[in-house]
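These notes concern the structure reproduced below.
Take a look at the structure:
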């Protein structure tokens, strides 16, 4: 076990949660997803985050596990937002100029 | 951070709740002013505290004469070596204590109470070479401990004052966090929202993202920071409950592994083998996980030895130690638990310092704490961004605006310059100079004062750009300076696998890049924020804001 699986899970989780928001569906897909898909993304995202927490707690116990989960979750959320920003910037630049 | 126009005009509060209309707006106002008033203090506390997560590594980098430690030396042997040295250096000392080398420390820091005249309390301190047990001969420096201590007690003032200021600032921070969460009602809806190039709206999005993503950390670090100094801020409970010396001793035992000296017997008796005592502790806690050895009245028949457990992998700073009889080495007691209240404090204390971390977790701490720094920074800048659009005459802003604007430049960009200058001073000040360690620190403050003067004299935008570039240059050239002035340039440390030196050099470049990007963006961005003809642009800015809302 290492720090990589929980980080990847957290990244996947926040990516799914991002796709479950109206704004990102509009920006990334150009149309809203059906409510069932949105719900599935939300559940998958939450499940991935819980799995990351579970993996860390199983590995290091509750004390360290919670601390590490908090760090990975913050980092993953930041990375996902950063990726969304980069993508939106690239998209905004491409068609206009 | 709140923007009343955006936040409150949109959705009227539900009918039938007359008290509701004001709450978000008043919280927004509270957040704005509480955040601003001590914002620069908080920014400095956040940034120096962030760097302090690597204080041990930084201390190693600032003492390049100490060789790179490839593996942790046997702590039992080192403890004996340094104990022998201390017996010789501090005869008759009522108490001395040494911190053993571990994965992050390549020297042994020890301090001792001097056996001065009764009623006087004198201290001595030194760092020792684990391999020889002799005092290390490296340049005189406070190392990373300067940032660590500055972070909660500042400098050039009595320690207690500094800690009170830090406490008030932390209290403000706590208010800012709570009021900020209330103001920012759409935390989940806007979780992944960032609208680029929309001026104030973008600043707000950035500020929100930095705050929300790290919210568990920001809340924890602020609250636990207050807990670390709670005995200073709220001593009354302790004063009421702890009255006798015996009770005080019990309290100390619950809070730290520094055993307190009792009365010496007057009978001389040499210490038994410290090595054996540390071996005993190693069997219990692991080879590299002994933290500290404290001895009272070494050389006296009443001597006591405490061998404390290290901090790695344990989310609690509550003391765990084995207590031995000095002259015989007989194990007297193993202290491994404290009461619930003391343990609560121990856990919060540990969470704040993060010293239990493996290297990945330490980087997580560093990054999220850096986000917290940026949260404070964006909040401060936003105060001016938001008000610049409403200035009657942008060429002649009122005095409050000018003050905040200039303090922002020196408090944010200037602090980066000053911190880099501190590291430059470490490499450039001549060895053997009188008060060398103090002059490194004076250098930090002199440079910081110069950045304030610069910020006051130059036009604001130019000052930002010049200071950000200066910080970028100082940081980018630091590895070069290190290569020129020490025998441990980057290529050498990379080849040796010396990640303390290589990591510091590379981190400097990373931070230099960050400052360069900020400088470039400031240079490009300003015309939008400060239009030449204000009346033409204002409706557009408003339109952009409203559009960004949709």
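Chains as they are written, first to last, in the numbering used here: chain G, 1 to 97; chain S, 98 to 647.
All C-beta atoms in this analysis are idealised placements derived from N, C-alpha and C, irrespective of residue type, glycine included.
All figures in this text were calculated on a predicted structure; none of them were measured in a lab.
- The beta carbon of residue 450 of chain S does not come within 8 Å of any beta carbon belonging to chain G, so the residue lies off that interface.
- For residue 222 of chain S, the uninterrupted beta strand (DSSP E) segment begins and ends at 219–225.
- Against chain G, the CB of residue 151 of chain S has no partner CB under 8 Å away; the residue lies outside that interface.
- Taken in chain order, the complete alpha helix (DSSP H) segments of 4 or more residues contained in the segment 531–586 of chain S are 533–554 and 557–582.
- In this structure, the beta-carbon distance from residue 280 of chain S to residue 124 of chain S falls below 8 Å.
- Here the alpha carbons of residue 172 of chain S and residue 380 of chain S stand approximately 12 Å from one another.
- For residue 208 of chain S, no alpha helix (DSSP H) encloses it; the enclosing beta strand (DSSP E) starts and ends at 205–211.
- Annotated as distal: residue 311 of chain S and residue 36 of chain G, with beta-carbon spacing of 8 Å or more.
- In the DSSP secondary-structure assignment, residue 295 of chain S is not bridged to any residue.
- Three or more Cβ pairs closer than 8 Å define a contact, and the segment 518–532 of chain S falls short of that threshold against the segment 479–486 of chain S.
- When secondary structure is reduced to three states using DSSP, residue 150 of chain S falls in the coil class, being assigned neither helix nor strand.
- Against chain G, a Cβ distance below 7 Å from residue 313 of chain S picks out 70.
- Residues of chain S with a Cβ closer than 7 Å to the Cβ of residue 45 of chain G do not exist, since the nearest Cβ in that chain sits about 11 Å away.
- Per DSSP, residue 430 of chain S is one residue of the beta strand (DSSP E) stretching across 428–432.
- Straight-line spacing of the CA atoms in residue 573 of chain S and residue 450 of chain S works out to 28 Å.
- Contacts with chain G at 8 Å (Cβ-Cβ) do not include residue 320 of chain S.
- Under DSSP, residue 421 of chain S forms a beta bridge with S:402 and S:428.
- The C-beta of residue 577 of chain S has fewer than 16 other C-beta atoms within 10 Å across all chains shown, which makes the residue exposed.
- Non-local beta-carbon contacts of residue 560 of chain S in its own chain, meaning distances under 7 Å to residues more than five positions away in sequence, involve 506, 551 and 552 in chain order.
- Under the rule that a run must span 4 or more residues, the alpha helix (DSSP H) segments found entirely inside the segment 419–506 of chain S read 437–450, 456–485 and 496–505.
- For residue 393 of chain S, the enclosing beta strand (DSSP E) stretches over residues 387–393.
- Using beta-carbon distances, residue 13 of chain G does not count as an interface residue toward chain S, since no partner is under 8 Å.
- Residue range 172–186 is occupied by the alpha helix (DSSP H) that includes residue 177 of chain S.
- Annotation: the continuous alpha helix (DSSP H) that includes residue 9 of chain G extends over 4–19.
- For residue 18 of chain G, the chain S residues whose C-beta falls within less than 7 Å of its own C-beta are 289, listed in chain order.
- When secondary structure is reduced to three states using DSSP, residue 602 of chain S falls in the helix class.
- The shortest CA-to-CA distance from residue 407 of chain S to any of S:392, S:520 and S:447 is the one to S:447.
- Residue environment for residue 368 of chain S: buried (at least 16 other C-beta atoms within 10 angstroms of its C-beta).
- Remark: C-beta atoms of residue 69 of chain G and residue 5 of chain G do not approach each other more closely than 8 Å.
- By the Cβ rule, the segment 143–160 of chain S counts as touching the segment 452–463 of chain S, because three or more pairs are nearer than 8 Å.
- The three-state secondary structure of residue 528 of chain S, taken from DSSP, is coil.
- Neighbours of residue 293 of chain S in chain G, taken as residues at a C-beta separation under 9 Å, are given in chain order as 85, 88, 89 and 92.
- Around the beta carbon of residue 503 of chain S, 16 or more other beta carbons sit within 10 angstroms, so the residue counts as buried.
- Residue pairing by DSSP places residue 232 of chain S opposite S:225 in a beta bridge.
- Boundaries of the alpha helix (DSSP H) harbouring residue 347 of chain S: 342–352, taken from the DSSP string.
- In the three-state DSSP reduction, residue 195 of chain S falls in the strand class (E or B).
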